[in-house]
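Heads up, the sequence shown is in UniProt numbering, so the first residue is 1 and it goes up one at a time.
We put the CB at the ideal spot given by N, CA and C, even for glycine.
Some notes on the structure that comes next.
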Amino acid sequence: MASRPTITILAQTDPDNKWVKSRIDFTIETISDVLPKQCYAFLDKRDYPPADGRREALLAHFYVPEFVANRTCFELNGYFGSRAAYDEAKKHVIGCATWFQWLVKMVRKHGTEPHEKGPEYVDGDPNNNRADSGPDKEQPSDESGAAGAGKKKKPAYRWFEMSIFTRWEFPDTCQVLCIDAPFDLPDELEKVWNRPTAQPADFRDPFALHANLVDRIIVYCDIAVWRLRDPVRELEKKRVEMRTGGIFDSVHDIARHAIHTSEVLQAAIETVTALQKCQSDIHKKLPENQDLDLTYKEQARDYARFQISLVKALKLRSDSSIDRLKNEVNLAFNNLSRQDNSVMKSIALLTMIFLPATFFSALFSTTFFSYSDDGWDVSSKLWIYFATIVPATIVIVVVWQFWLANSDSIEKFRDNKKQWAIDAWNRKPAEEASVQEKQHP
């Protein structure tokens, strides 16, 4: 029997305003009733309703356009959108909805001493006994041979395709829905909001819950980038021990993950930049009697710019991993060329060893020498052999040197002749037509 879908809620408690996590049954019909006015809600990707009307109904609670529910948006590497509602009489914002997607490709920890000591995200939630079906975006099916037919190798990575929808209504309703987030995101946000030094959320701000959420997603991006850096560094350290040709398989897999990471980080830069602009625009249009003070709004804008700079720095670090992999590939190619050069030298040495014997064997097998019972006779015409072979050798060497010294000119001359022949062939029909016209005016 299939388990009922559940949703994780992180919300403030009334007595002490602490943030507390809870888990409740989830149905689309009751979503409006079960969500507190100020909360984060986390929904597993497998419980996300399909785009057959049910997903649209869920997103309608967050005032998200129906188009966002379709496959096109669901499989994009990132996007950002917003929708504001105004009091037409007073010309200020009374409602705001945002929706954005942020992808993170998390690979499995590498080596015995990885850079980060956090949990393993690839294998799913250790506290959840439901089988992890893996990401939709990329499903490898590394099947073994006849002995293991039908068995799939467990992927060494996982895509987190985080779709985030927010809803704010004047004066203090602020709800955030996160789809397909890492399993520890609710716990990490709970720790952040419950720190003794944490500033309480000001729910007059439509973006009151965004900053800490974006901070944590940036941390996941940092983990993803460092998990790619670790195997690159190990590859650089062990290049001497590895067989030169064996490096390419390892580099291919790492480079594939690094390219994907750089791609989604570039999309994330665009997403955070658009989020910052939307925040700045909305802050200018808040109700005057509930408006945030200037310091709050300026600090919020400054912090958003800081977050953008963090994502840009992560993008540069990811790009550097790709460049380092390219450097390793170039080094491997150079080493292979050097090995080929050594092989050619060995072949040349063997040729030089056998060349004198071959020459004398060919010489003594000519008719200038005869062998009989009476002895060994040498023809008096042996000088003819040297008189022909020496000049011929000199001519070949001179022609070869001339060819090497003038190869560019020879190539240009050949191209000119080729073009002349093509032009002549193209002119031939016109000349024939002209001759026929003269013969038969």
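Who pairs with residue i in a beta bridge, going by DSSP?
i, result
"K21", "L10"
Mind checking which residues open and close the beta strand (DSSP E) that includes residue i?
i, result
"A85", "78-87"
"E161", "157-169"
"K312", "No beta strand (DSSP E) contains K312, which is instead part of the alpha helix (DSSP H) from 294-364."
"K105", "92-107"
"Y371", "369-372"
"I179", "173-179"
In or out: residue i buried (at least 16 other Cβ within 10 Å) or exposed?
i, result
"T271", "buried"
"A405", "exposed"
"G375", "exposed"
"V399", "exposed"
"Y63", "buried"
"I164", "buried"
"W420", "exposed"
"S133", "Because S133 carries a pLDDT of 40, less than 50, the predicted location of this residue cannot be relied on, and the following value inherits that uncertainty. S133 is exposed by the Cβ-count criterion."
"T8", "buried"
"I218", "buried"
"W403", "exposed"
"E328", "buried"
"P200", "exposed"
"L325", "buried"
"T261", "buried"
"M352", "exposed"
"E437", "exposed"
"V395", "exposed"
"H210", "buried"
"A424", "exposed"
"W193", "buried"
"P231", "buried"
"R158", "buried"
I need the boundaries of the alpha helix (DSSP H) containing residue i, first residue and last residue.
i, result
"Y40", "Counting along the chain, Y40 falls outside any alpha helix (DSSP H), though it belongs to the beta strand (DSSP E) covering 38-43."
"E54", "The displayed chain sequence assigns Arg, not Glu, to residue 54. Here the alpha helix (DSSP H) through R54 covers 54-60."
"R70", "Correcting the residue identity first, residue 70 is Asn in this sequence and not Arg. Taken as a continuous stretch (DSSP letters only), N70 belongs to no alpha helix (DSSP H), as it is neither H nor E."
"P231", "210-237"
"L185", "185-193"
"D33", "31-34"
How many whole angstroms separate the CB atoms of residue i and residue j, which I take to be in contact at a CB cut-off of 8 Å?
i, j, result
"I269", "V311", "5 Å"
"F100", "F80", "4 Å"
"L10", "P186", "5 Å"
"A97", "R83", "5 Å"
"T358", "Y385", "Incorrect: roughly 16 Å between the Cβ atoms, too far for contact."
"V122", "A156", "7 Å"
"L189", "L228", "No, L189 and L228 are not in contact; Cβ-Cβ is about 25 Å, not under 8 Å."
"I282", "P206", "6 Å"
"E56", "A69", "5 Å"
"R167", "Q290", "Incorrect: roughly 17 Å between the Cβ atoms, too far for contact."
"S280", "R301", "6 Å"
"P116", "W226", "Note on residue identity: the sequence assigns Glu, not Pro, to residue 116. Confirmed, about 6 Å."
*Ignoring anything shorter than 4 residues or poking outside the segment 367-422, list the alpha helix (DSSP H) runs there in chain order.*
383-405
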